[in-house]
Every structure is written in structure tokens, then in C-alpha cells.
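2 protein chains.
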Amino acid sequence: MLNSKTTALRTGAAFLCMLVITACMVIEGDRHHFETEEEENENWYHNISRDSWAWQGADPEVIERVLARIASSKNARRDPNLLDSVKDYGPGHWVFEWETAGDQVLDFARKAEQTGETARARKLFFEASSYYTTASYPHLKNDALAMRALNKARLSYQAGGRLLEVPLQTVRIRHGQHAFNAYLHLPKGPGPHPLVVQSMGSDVVKEQALGVFSRHLAPRGIAMLSIDMPGIGESGAFPLTASSDILHVAAVRAMRRHPSVDGDRIAVMGASFGGHPAARILFRKELSLAGSVSICGPLDSAFLMEEDDYAKLPEMTLDAVKDRLGFSKEVAWEQFSERFRSFSLAQQGIYGQSAETPLLVVTTHADPVAPLSDLKPLVQAARNSHTVILYEQGHCPDKDVRYAVAADWLTDLFSRL
Amino acid sequence: MLNSKTTALRTGAAFLCMLVITACMVIEGDRHHFETEEEENENWYHNISRDSWAWQGADPEVIERVLARIASSKNARRDPNLLDSVKDYGPGHWVFEWETAGDQVLDFARKAEQTGETARARKLFFEASSYYTTASYPHLKNDALAMRALNKARLSYQAGGRLLEVPLQTVRIRHGQHAFNAYLHLPKGPGPHPLVVQSMGSDVVKEQALGVFSRHLAPRGIAMLSIDMPGIGESGAFPLTASSDILHVAAVRAMRRHPSVDGDRIAVMGASFGGHPAARILFRKELSLAGSVSICGPLDSAFLMEEDDYAKLPEMTLDAVKDRLGFSKEVAWEQFSERFRSFSLAQQGIYGQSAETPLLVVTTHADPVAPLSDLKPLVQAARNSHTVILYEQGHCPDKDVRYAVAADWLTDLFSRL
Chain A
1 MLNSKTTALR TGAAFLCMLV ITACMVIEGD RHHFETEEEE NENWYHNISR DSWAWQGADP
61 EVIERVLARI ASSKNARRDP NLLDSVKDYG PGHWVFEWET AGDQVLDFAR KAEQTGETAR
121 ARKLFFEASS YYTTASYPHL KNDALAMRAL NKARLSYQAG GRLLEVPLQT VRIRHGQHAF
181 NAYLHLPKGP GPHPLVVQSM GSDVVKEQAL GVFSRHLAPR GIAMLSIDMP GIGESGAFPL
241 TASSDILHVA AVRAMRRHPS VDGDRIAVMG ASFGGHPAAR ILFRKELSLA GSVSICGPLD
301 SAFLMEEDDY AKLPEMTLDA VKDRLGFSKE VAWEQFSERF RSFSLAQQGI YGQSAETPLL
361 VVTTHADPVA PLSDLKPLVQ AARNSHTVIL YEQGHCPDKD VRYAVAADWL TDLFSRL
Chain B
1 MLNSKTTALR TGAAFLCMLV ITACMVIEGD RHHFETEEEE NENWYHNISR DSWAWQGADP
61 EVIERVLARI ASSKNARRDP NLLDSVKDYG PGHWVFEWET AGDQVLDFAR KAEQTGETAR
121 ARKLFFEASS YYTTASYPHL KNDALAMRAL NKARLSYQAG GRLLEVPLQT VRIRHGQHAF
181 NAYLHLPKGP GPHPLVVQSM GSDVVKEQAL GVFSRHLAPR GIAMLSIDMP GIGESGAFPL
241 TASSDILHVA AVRAMRRHPS VDGDRIAVMG ASFGGHPAAR ILFRKELSLA GSVSICGPLD
301 SAFLMEEDDY AKLPEMTLDA VKDRLGFSKE VAWEQFSERF RSFSLAQQGI YGQSAETPLL
361 VVTTHADPVA PLSDLKPLVQ AARNSHTVIL YEQGHCPDKD VRYAVAADWL TDLFSRL
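Sequence lines, in order, name chains A and B. For the first sequence, position 369 matches number 369 in the numbering used here, and the numbering has no gaps at all. For the second sequence, position 137 matches number 137 in the numbering used here, and the numbering has no gaps at all.
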């Protein structure tokens, strides 16, 4: 119908950009709730991510109840401007309130399991796990309360995982002097199955990725190994360094020997900081990966920021990144920035090589952390790449959209092998 | 990682738009092949859509060979500036060359079928069908040669369909004084299956949609009924009017009685002009549709164009639209525009109602036919809507991306019913 592709393109870049301006103003009007969310976030240390939490299995009513309990607490706060900075573990304290929500749902889950209501028990175990991961968020290793909550998240996740149609397997993978645990989710059927090794952002743990498998990969018969990035969760013993993909490499090698996995059909997928190793691993020719999906990953410019930009970053974001890198909160800018700069794939000289491994990039048009300009050298070096750009505000595309696109791309990729 | 959503949003609309400008200039550089394609299209009456043809099953080498034969023909042309305007049916003639390519592959397909190579035969039948639909494109009803090629496309498609794991069913559906044929593709398994009634643009026929089913719907266990829009193909007896969704309504009603279809889980999906009925049908409360997916559909502004814009549209686009509306090539602007204006959903007063039926919109950020501004009244009237915008040039998002997103949305929708 009215295929005016030609007509529109004839007018060239200038016209296109004018159109974009008009469009984004229209959209601005439609998305007023973003601003409300933003204003709300100013009063919190943590990012208030209702959509992500609900996607992970949390009950929206519980979310509101817990946030209200924290916000209305009369107890002393570390920072009077931050609602979620109640100092003492107890009512109003971030970890306490989310952990309590988790404990309550865990109790229901156990009762449901005892009475043989398997589907209900499974759902509740994963729901409890979601409250525990929010309790431990951003998962700082020196926060004993958070670490205890994160351990509860693992136990709940594993309890839910035992009740899946194909029970969850916890796999222990050795790398160097240490080992880390990973979750292997298998689809139905005899196998061996194609596999995706997946990891997420620098403040997201492997217990938060079930939806990637259950909603998107399992229906296509693709297995998922969910791992923690170096420096977080059960990969906390490994500091996050410029070689961000070392654990992914170890995971791919380990999975090649797994009887339920088709060793010729293993891909890697990562979102946010997880998009960095997913891009980096593309250039490890000896690994013979089937493909990689890099979603809104910071590749270069985010690591090359100046001290001014650094000072403007939210406190929690910085706390999380410092923790992943093995720095204390008080690390000096010079020390931090030197290490941080080393993550730039361009500065690492990675793009001097070319890669034949198929690459899918999924991102948004104006991501503050993963700007489109960072993609240019990557897609030039990756000879077989496909880029999908969502017209969406903020950092990272909508989860269901990005994993739908990724899962179909992977299905097609694996069907050719 | 570096969740700067807050930071970026704080800067507001102006900053966002600046980012967009930068981004689209960068992208311009990457997409230089678009311009090449555009320049090439100036020399052709037909849109040269290599990607779409290949997606449909055509062999890229055959595409180039046929285009070269047409372009290098020494025979007399209707318009010396249009390579594909050779007048006489024979070497160099658009229909002749594509039809010949189809005949050759059809011959291979039959031989493969005779020797029991079912998978190869199936692939070749669909490949032949793709050359025949390109031969008949844009499927003008008064072009006897095109109509003969389109009939061959149907026969090849049906021959391929008989060899599918679940054989294709051709369903005859009555509406008013006439009837139309539709293709029912069922997924594996006992059923009854959820179903999507799908249609495409004003110059695309139901034989061109197999990939929607085989690549995206079948793996999720969703059936597809592929229909021709009014005014095209086997729905040619019905003129395309402002009530663009009449055949979709008839199809939904007919499918409710089909033993392999779950009558409570029927949705509609349409792309390009097919996005118009997919939006319109949302407001037919009595139909109790499960949901609708409207992809880059013209809703309003495209129908309200002025004579100047009309004069700038490519000849083939206009020929196709006039044919669908039942007009001759020579129809006067006044007569055409009066009818065309009646398609505007805003002018039809449709948005005075509200709709509860779930709606998914998938579109691009700067579609010349489906601008984002057209969406505003639609998503305001549709109380349960979700919009996914791809950052992509031209009319309509990449097929595999849009159907991946749509299929996962439908899977989720059907799982709740």
C-alpha cells in the first residue's frame, strides 16, 4: 500500500531528521508517565522499576504495599531526601521490607507445595525470589543483609526450579582458582538442545532472567544457561575486568560437554552491561560460537566519560559499578576512570580484527549508555551482523520486545546449523 | 549497568531530540545502500524489493538474473525511462520473465515430488509461487497476463501447501453475494488451535505470507488464516471500501465454526493497508475478538493528502490503489480523493467509541504512510494497547522483527484466555 519508501528517501537525511523531531515531540506527550516516574526516582536511592519487577514475577499490589511501608516509615534515615535510606534493619528498611514480603510468599509457596498444588507453588517460589532479589538490589558484596536476602532468592528460585516441567539444573563451572554456579534451563523434548548463555546488567543477577527462558526461549526449544557477570552474585569471586567475557567463555566450554546440549549450537546473549561481553566474545574465533546477541550494551563512550558526567551519575549506579570492579565506595576518580576506560572495546583494539560469528544487536535509538555511534565500529568488524533499533526512551528496549526479536533470530540461526 | 534512565529523562524533550538528530545522521552513513536502492527504483515501474522477495522464498541469484534480463532487453518499451515497461509479452517483459522463472522452478518442484524428495519439492513449489506473484505484481485485475501468473502462483502455493507437515486447507468463505478463498495453516498437534486472521498491503496477496506462519506463528502453536484484502487476488469481487474489515469479520465468524480452531482465541493481524482493517475491527464489540495487531497501517493522514502529494506518488502505487478501489487508471482526482478520504478512521468517527479488545501496534518512527501522529487517537480509544516502534527508515518495519514481536504478544494474549 502506498509504498512511498522511494519518495521519502529521495528527500534525504535532512527531511528524515525533521520527521524524527516531530515524532519524538508527539511521543513525549504520550509518555508523560515517564516524567512522573523520574520525579519519583529522585526520592529514592534504588531505581524504582515496577515493570521489571512485575516482569520477574512480583505482584504489583505487593510492590505498592512494600514501597508505601518504606516511604511512610518514621525511622531514622541515612539521607533525609532518600525514602529508602532507613538506617536500621527493621520496619521501613529496604532489605527488611522486601525480605519480609519474600518470607510471606515463600510460606504460601511451601504450603502450596505440601498440598500438591504444584503450579501455584512454582509461581509463588519465583514470586518470593523476586522480592528477595529486590531486597538485595544492587547486591553489594559488603552488605551482609543484602547478601543474606540474595541467598534466600537463590533458594526460592531453586525451589521453584525443581517444580518446572523440566527441572532446573544448577551447574558448577570452574574458572582459574574459583568456580561459579549457573542455572541450566532445558526445554521439553529429548535434546540435545541448542543453548544460549545469558547474562544481564551490572546490577541484575541470574535469578532475574527466568522470563527470558519461559516466555521466549522455551517455546522455541532453546535451552538457557543463566550466569552472573563477574563481580556479582555467585560470580562475586571474579572481579569484573576489561575481559568481561571470561566466564561466558568458561560456560560455553563447559556446556559443550553437557549431554543435553548441542555443542555446535551454543550462542551468547547479554543485555545492558551483559551486552559488553556479548560483543567482545564475538572476536574469540577459537571458541566457534554459533552467534551472539548484544542488547543495549555499553561498548565505548560510556567508559570514556569525564569526571563531570561521573559526578552526575546516580549514587546507586556508581555503588554497583564500583562493587563489580572490586573498588570501595571511596575510590578516587583517577583510579576508577583508569580501570573503567579499559573496558572500551575500541581502546582495547578489538575492532582491528574481523569476526565471522553472526551478531544480532538490539538497542534503542537514544540510549544514554549505548549510543548508536558506538555501534558503527562493531558492526563494521562483525561481517555478519543485524541491528534492530527500537524507538524508545532510556536505557535498553522493553524486555518482551527485545527477547522476542532475539529468540526468533536465534531460532533461525540454529535452524541453519 | 549505569541505569541513567533518570538522568537522560531529566534533561527533557529538547535533549532527546538532539540525540535523535545525531543518531539518525550516523545511521544515514551506515545505510548508504538505501540510497542506491532508491536511485535504482527510479528506473523501474515496479518496486524492486529484493529483501521481500527473498523472504518469500525467491533465490537471490534468480532475482538478479531475471532483473538483468528485463533491464537489458532491446524490445520496445512503453516508457523509455522505465526498464520494466517492455510492451509485448515475450523476452524482457516483466510478466514473461518472472513467469518463465516460475515455470522452470515449478518443473524442478514436480520432478522432486515425483522422486519422493518431499522437503525439496515443497521448497521449490513455494519458490515458484514467489516468482509468479512477482510476475503478477501489482496484481491489476484488468491485466490478463498478470492474472494468469497469479493463478499459477496459487496453484504452486497449494501444491507446496499439500506437502507441509500439516497440509494447507483452502477455505471458502461467503460474504454477501460473493465468496472468497482463504488459506488455513494449522500448527502441529491435536488442536483446537488459537488463530490469527492475517492480511497484508494493498499490493500483496495471501500467497506471500507463508513466512509469517512458518517462521513465527507455527513454532508457537498458532494457526493462520491468510486472506486477500477486498479488491485484490481472490477477494477481487469485493471492492475495497471504507469498511475495510468486512472480509476479516466474515473470516472470523467462519473460523469460529471450524473444528480445528479455538473460537475463543481468534485475533486479527494486518500490515501496511492491512493495518487499517486491523485497527478498525477493534471497535466491533459484537465480534468478541481476542485481540488485534495493526502494523504500520495508514489510519488517517495518508487518506487526507492533497492533490500535490497525490501527483508525487509513484505510478505503480497509484495504479494498485485505484485497482483496489475499483477505479480505472484515468479516474479524476476529485472522485478518487472523495473515496480515499472516507478511509480516515478519524473522519469515520470510529474513535468516538472506546475499545476493550487488546491492541498491539508495531510501526516505525518515521513512516511516510503511517506517521506516529495518527496513532494518538487510536491508542487513546483502545484502552488496552501496546505500541512498539522500530527506529527504521521507510514504510513498515522489517518483517522478521515485526512478526517476532507480534507472535510473542499473541502467545501471551492467547495464554491468558
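Built from N, CA and C at the ideal position, the CB exists for glycine as well.
DSSP bridge partner residues for residue 363 of chain B (one or two, in chain order): B:389
The stretch 334-348 of chain B contacting the stretch 63-72 of chain B, beta-carbon criterion three pairs below 8 Å: No, the stretch 334-348 of chain B does not touch the stretch 63-72 of chain B.
Boundaries of the beta strand (DSSP E) in which residue 269 of chain A is found, first to last residue: Run containing residue 269 of chain A: 261-271, per the beta strand (DSSP E) assignment.
For residue 164 of chain B, the three-state DSSP class (helix, strand or coil): Residue 164 of chain B: coil per DSSP, three-state reduction.
From B:266, B:400, B:163, residue whose alpha carbon lies closest to that of residue 416 of chain B: B:266
Cut-off 6 Å between Cβ atoms - residues of its own chain near residue 234 of chain A, not counting five sequence neighbours on either side: 180, 181, 228
CB-CB length for residue 129 of chain B against residue 149 of chain B, believed under 8 Å: Their Cβ separation, rounded to whole angstroms, is 10 Å, which puts residue 129 of chain B and residue 149 of chain B out of contact at 8 Å.
For residue 66 of chain A, the three-state DSSP class (helix, strand or coil): helix
Whole-angstrom distance between residue 226 of chain A and residue 392 of chain A, CA atom to CA atom: 26 Å
In DSSP terms, what residue 293 of chain B is bridged to: B:269, B:360
Chain A residues whose Cβ lies nearer than 7 Å to that of residue 401 of chain B: Chain A residues near residue 401 of chain B: 388, 405.
Separation of residue 358 of chain A from residue 385 of chain A, as counted between CA atoms: 6 Å
Helix, strand or coil at residue 224 of chain A [DSSP, three-state]: strand
Where residue 177 of chain A falls, given that 16 or more other Cβ within 10 Å makes a residue buried: exposed
Proximal residues to residue 456 of chain B (C-beta, below 7 Å), its chain only, five neighbours per side dropped: Since the first residue of chain B shown is 1 and the last is 417, residue 456 of chain B is not available in this structure.
Residue from B:223, B:171, B:231, B:222 whose Cα sits closest to the Cα of residue 200 of chain B: B:231
Minimum Cβ-Cβ distance from residue 207 of chain B to chain A less than 8 Å: Output row for residue 207 of chain B: interface = no.
Residue 158 of chain A to residue 275 of chain A span [Cα, whole Å]: A straight line joining the alpha-carbon of residue 158 of chain A with that of residue 275 of chain A spans about 26 Å.
Same chain only: Cβ atoms within 8 Å of residue 244 of chain B, ignoring 5 sequence neighbours per side: Taken in chain order, the residues that qualify are 229, 230, 273, 276, 277, 280, 343.
Range covered by the alpha helix (DSSP H) that runs through residue 417 of chain B: From DSSP, residue 417 of chain B is part of no alpha helix (DSSP H); its letter is neither H nor E.
8 Å Cβ shell around residue 439 of chain B - same chain, five flanking residues per side excluded: Because chain B spans 1 through 417 in this model, residue 439 of chain B falls outside it and cannot be assessed.
Contiguous alpha helix (DSSP H) assignments of at least 4 residues, all confined to the stretch 82-157 of chain B: 94-114, 118-136
Distance, residue 224 of chain B Cα to residue 213 of chain B Cα: 6 Å
Alpha-carbon spacing of residue 290 of chain A relative to residue 219 of chain A, whole angstroms: 20 Å
Collapsed DSSP secondary structure at residue 346 of chain B in the structure displayed: coil
Between the CA atoms of residue 163 of chain B and residue 23 of chain B - distance to the nearest angstrom: Bear in mind that a pLDDT of 29 at residue 23 of chain B, under 50, signals an unreliable position, so the number given afterwards is only what the model happens to contain. The straight-line gap from Cα to Cα measures roughly 47 Å.
heavy atom of the ligand GTP below 7 Å from residue 216 of chain B C-beta: What this structure holds is no ligand at all, so the ligand GTP is not there to describe.
For residue 293 of chain B, the nearest candidate out of B:197, B:106, B:325 (CA to CA): B:197
Beta carbon proximity, residue 411 of chain A to chain B, threshold 8 Å: yes
Listed by chain order, chain A residues near residue 258 of chain B by CB distance under 9 Å: Within chain A, no residue comes near residue 258 of chain B; the closest Cβ sits about 24 Å away, beyond 9 Å.
Among B:95, B:305, B:355, nearest to residue 333 of chain B - alpha-carbon criterion: Comparing Cα positions, the closest option is B:305.
Within chain A, partners of residue 377 of chain B - CB distance below 8 Å: By Cβ distance, chain A contributes nothing, its closest Cβ being about 11 Å from residue 377 of chain B, past 8 Å.
Any chain A beta carbon closer than 8 Å to residue 392 of chain B: yes
Counted within 10 angstroms of its Cβ, other Cβ atoms place residue 41 of chain A as buried (16 or more) or exposed: Residue 41 of chain A is classed as buried because its beta carbon has at least 16 other beta carbons within 10 Å across all chains shown.
Status (buried if at least 16 other CB within 10 Å, exposed otherwise) for residue 189 of chain B: exposed
Where residue 78 of chain B falls, given that 16 or more other Cβ within 10 Å makes a residue buried: Exposed, since its Cβ has fewer than 16 Cβ neighbours within 10 Å.
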